[in-house]
């Protein structure tokens, strides 16, 4: 007799193998996910700051980025009065939210705000924004006077950044 299909023993063996593979892979995945979320958040800030810089040059306007360290988000706005501070009436171009579990630990920008002038350079102070995921990994974004944006990291708990 030619029966088609799988036996209960074959299905049990396959499910057991899948279960063992899942148990082995889960700790690796759980360690990878927080690092991925932190890197995604840093890359998003980096990309959004570059977008703001290019927008400032393209539209000949000052563009500001304000970081909200308590709500773990930021907004990019047209800084019409060129004071590197978001005021009522100024247009918000976009907002950014960090990935789940990622926190802004520090912002060295004056009043947590950075601005690009119409030449794509710093409209005021330079500085960093630092992020963590609670597992000891620290990444950030730095902007210098020329408006050059870099991703930075700290290997010593946030004392030095490079």
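Numbering (this note's numbering), first residue to last: 215 to 376. A virtual CB, placed ideally from N, CA and C, is assigned to each residue, including glycine.
What first and last residue would you give for the alpha helix (DSSP H) that runs through residue i?
| i | result |
| --- | --- |
| residue 377 | Given that the chain is displayed from residue 215 to residue 376, the structure contains no residue 377 and the question cannot be resolved. |
Assuming residue i and residue j are in contact, meaning their beta carbons sit under 8 Å apart, how far apart are those beta carbons, in whole angstroms?
| i | j | result |
| --- | --- | --- |
| residue 309 | residue 289 | 5 Å |
| residue 281 | residue 314 | Not a contact, Cβ separation roughly 18 Å. |
| residue 330 | residue 277 | 5 Å |
Locate the beta strand (DSSP E) running through residue i, then write down its first and last residues.
| i | result |
| --- | --- |
| residue 327 | 327-330 |
| residue 333 | Taken as a continuous stretch (DSSP letters only), residue 333 belongs to no beta strand (DSSP E), as it is neither H nor E. |
| residue 362 | Note, residue 362: premise wrong, no beta strand (DSSP E); not H, not E. |
Count the other CB atoms, across all protein chains shown, that sit within 10 Å of the CB of residue i; report buried if there are 16 or more and exposed otherwise.
| i | result |
| --- | --- |
| residue 344 | buried |
| residue 298 | buried |
| residue 225 | exposed |
| residue 328 | buried |
| residue 352 | buried |
| residue 274 | exposed |
| residue 262 | buried |
| residue 361 | buried |
| residue 266 | buried |
| residue 241 | exposed |
So if DSSP puts residue i in a beta bridge, which residue, or which two residues, is it bridged to?
| i | result |
| --- | --- |
| residue 280 | 289, 327 |
| residue 346 | 317, 352 |
| residue 311 | 287 |
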